[in-house]
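Right, one structure below, let's go through it.
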Amino acid sequence: MKYLTIWDYVIIGVYFAILLFIGWYLKRRASENIEHYFLGGKKLPWWALGLSGMAAWLDMTGTMIIVSFLYLLGPRGLYIELRGGVGLVLVFLMIWVGKWHRRSGVMTGAEWMVFRFGKDKWGTFARLSQVFAQLIFAVGMLAYAIKGIGLFLSMFLPFTPLTCSLIIIGITTIYTLQSGFYGVVVTDIFQSVCILAGVVFIVVLAVTKMSGVDFAAVATSVTGNTQWTTTALQWKTEMPVGYENYSLLALVACFYLFKTIIQGAGMTGDSKYFGAKNSRECGLLSMMSGITLMIRWPLMIGFAILGIFMVRDMFPDQTVMLEA
């Protein structure tokens with residue numbers, strides 16, 4: 021397999037070095053006291069916390085999943101992302117849940133559970149239930165991240181998927197432990213700038229590729245989906261083998277929308293809201309996250325479009341893809 025060039029590795033190395041430098045540089049500020057370590061001293065501006073939320077939302081594994089649905093369905097793949105990728109929970113956080121967090125005056129998720137459920141026997145039961153649930157969820161999300169990171173990076177780096185995942189997790193752990201909440205927010209801002217540059221590049225590349233081409237015909241020939249360009253939400257849509265569970269597209273979208281509403285109303289434990297300067301800035305940082313999160317959609321549809329052209333060029337005989 022052909023991997024990256026030496027200059028690509030230099031760019032990746034510089035990127036990792038910047039992350040580690042940020043962690044080292046902010047170490048002294050984070051060590052002033054426990055509030056600085058966990059919440060940045062409640063002094064970080066709302067726009068910085070909002071950008072941090074956007075960067076945290078745009079993860080590698082989730083991006084791969086969303087791009088796969090956009091590749092298969094075109095713009096209709098966005099309906100499946102009502103499961104969480106659209107960020108509808110930010111509405112609840114902006115209106116009242118975020119303010120509730122800030123006004124509680126707590127610092128950690130553990131303190132939040134005591135504040136929310138109380139200290140009596142039923143409060144203890146509720147806290148233990150949430151601890152077990154969050155533990156299972158955390159293990160699942162860690163496996164989810166490791167799998168996606170490994171699959172993606174091993175295509176470009178001469179390492180196994182597990183090694184690639186451990187490298188990323190190790191670097192993230194180092195700068196987070198060193199600089200606490202400061203390191204998380206500042207590195208997220210740096211990553212946001214990188215993401216924005218990537219969005220511009222991918223969108224321009226995708227639009228250039230589509231110029232002078234009947235893209236609807238190309239998408240149909242590659243994906244086998246005659247309605248790739250439509251945005252209409254259909255009750256039932258044709259799906260390839262292995263994705264039949266999503267064929268009732270409208271039902272899936274309604275289920276995920278209902279799930280997101282319930283999740284948003286009960287969303288808890290986000291340290292960005294504990295660390296906001298005041299309750300008003302909780303709404304502002306939610307707005308910032310929501311607005312900047314929109315840039316993920318041009319990026320991902322751009323990936324899907326480039327993927328269609330790549331498959332067309334690499335596999336002129338599409339029966340090869342069906343037999344894979």
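Going by my numbering, the sequence shown opens with residue 21, and the numbers climb by one from there.
Every residue gets a Cβ at the ideal spot worked out from N, C-alpha and C, and that includes glycine.
- Look at Pro95 here: in three-state DSSP terms it is helix.
- Along the region 29-98, the alpha helix (DSSP H) occurs as fully enclosed runs of 4 or more residues at 47-50, 54-59, 66-77, 80-93, listed in sequence order.
- At the C-beta level, Gly43 and Ile187 stay beyond 9 Å of one another.
- The beta carbon of Trp248 sits closer than 8 Å to those of Leu93, Gly94, Ala236, Ala239, Thr240, all from its chain and outside the five residues before and after it, given in chain order.
- About 36 Å separates the beta carbons of Leu162 and Lys229, which is beyond the 8 Å limit, so they are not a contact pair.
- Look at Met230 here: in three-state DSSP terms it is helix.
- With a cutoff of 9 Å on beta-carbon distance, Arg122 and Tyr293 are scored as near each other.
- The count of Cβ pairs closer than 8 Å, one atom from the region 130-137 and one from the region 302-309, stays below three, leaving the stretches out of contact.
- Look at the region 256-335 and you find these whole runs of alpha helix (DSSP H), each 4 residues long or longer: 269-285, 291-294, 299-313, 316-334.
- Minimum Cα-Cα distance from Glu55 among the listed residues Arg316, Met334, Gly295 corresponds to Gly295.
- In the three-state DSSP reduction, Leu253 falls in the coil class, being neither helix nor strand.
- Taking one beta carbon from each stretch, the region 206-216 and the region 66-74 have 3 or more pairs nearer than 8 Å; the two touch.
- Using a Cβ distance threshold of 9 Å, Val219 and Ile315 count as a contacting pair.
- Sequence-distant partners of Leu108 (beyond 5 residues in either direction) whose C-beta falls short of 8 Å from its own C-beta, in its chain, are Leu102, Leu277, Thr280, Ile281, Gly284.
- Here Val331 has Val242 as same chain residues with Cβ atoms under 6 Å from its own Cβ, once five neighbours each way along the sequence are excluded.
- A check of alpha carbon separations from Arg48 across Ile215, Val34, Val272, Leu197 identifies Leu197 as the nearest.
- For the pair Thr128 and Asp79, the Cα-to-Cα distance works out to about 23 Å.
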